[in-house]
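Converting from the sequence shown to the UniProt record's numbering requires adding 8 to each position, the first position being numbered 1.
For every residue, glycine included, the Cβ atom is placed at its ideal position computed from N, Cα and C.
The model shown is predicted, which means the values in this text are computed figures rather than measured ones.
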Amino acid sequence: RPAVRIAPSLLAADFARLGEEARAAAAAGADWLHLDIMDGHFVPNISFGPVVVKALRRHVAIPFDVHLMIAPADPYLAAFAEAGADLISVHPEAGPHLHRTLQTIRGLGKRAGVVLNPATPVQAVEHVLDLADLVLVMTVNPGFGGQSFLESQLPKIAALRRMIEATGRAIALEVDGGVTAETAPRCIAAGADVLVAGTAVFGASDYAAAIAALRGGAAP
Ligand code: DX5
Ligand code: ZN
């Protein structure tokens, strides 16, 4: 498998300086930028929408990994695609027709992801893996940064790695929530190949050192 990719979550950045923060993360070695979209309905917090994603697009060239925590998601997929998303991920609970939602994302020319909440079983994605470019395992309940990593999700990551290998397709396996230099090695050992990190990157004084630590190495 390729080396692990790091996707800093802008949710933990300084919201008054989002463009600068995005550039700093990219310069520090971020592979993707993780953008958490929250509607105050699907999750108990509000973040930002497609207008902000579009404004950020001018600042960095790395892929935008858009994590939609909104319900319904379908009416907003085109707006996020047009705003510059490269990957768009949805929760199965955010709409009645996950298969159709993934088809829509693919139809917009974007890579499609499915996000599993801590209580959501791997079976929620089993029959749509042919349409998935990414599976995202939540290791906290979505809504807030800075929560503690849920160890209970490690067997789920391992199970998804086996399911992905069985497809023979290059589906990314991403972990989101409470990822730190301490918990990252356990995620990687379980089979994750993309790590989201908010607090562990934007809460650090040296973003490059923080990203290198998440990869399991020393600072470049
Ligand atoms: C939570 C978000 C996460 C969050 C992670 O709903 O999906 O992306 O920003 O933050 P940390 O890394 O601080 O747990
Ligand atoms: Zn997220």
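DSSP three-state call for Val-61: helix, strand or coil? Counting from 1 along the sequence shown, the entry for residue 61 is found at position 53. Here Val-61 sits in helix by DSSP.
Three-state secondary structure (DSSP) of residue 5: As displayed, the chain neither begins before 9 nor continues past 228, which places residue 5 out of reach and without an answer.
Look at the alpha carbon of Gly-37 and the alpha carbon of Ala-140, and state the distance between them as a whole number of angstroms. Here residue 37 corresponds to residue number 29 of the sequence shown, with the count starting at 1. Here residue 140 corresponds to residue number 132 of the sequence shown, with the count starting at 1. Their backbone Cα atoms lie some 26 Å apart in a straight line.
Report yes or no: do the stretch 80-96 and the stretch 115-133 share at least 3 C-beta pairs separated by less than 8 Å? yes
Residue from Val-187, Pro-163, Gln-111, Ile-45 with nearest C-alpha to Ala-127: Counting from one through the sequence shown, the residue named residue 127 turns up at place 119. It is Pro-163 whose Cα lies nearest to the Cα of Ala-127.
At the level of alpha carbons, what is the spacing between Thr-186 and Thr-147? If you number the sequence shown from 1, residue 186 lands on position 178. If you number the sequence shown from 1, residue 147 lands on position 139. One detail in the question is off: residue 186 reads as Gly in this sequence, not Thr. Looking at the two C-alpha atoms, the distance is approximately 7 Å.
Excluding sequence positions up to five away, which residues of its chain have a Cβ less than 8 Å from the Cβ of Pro-228? For the purposes of this step, residue 228 is identified with residue 220 of the sequence shown, where counting begins at 1. Note that Pro-228 scores a pLDDT of 46, beneath 50, so its modelled location is shaky and nothing firm can be said.
With a threshold of 6 Å, establish whether the CB of Gly-57 neighbours any heavy atom of ligand 1. Residue mapping note: residue 57 aligns to position 49 of the sequence shown, counting from 1. Result no, Cβ not under 6 Å from ligand 1.
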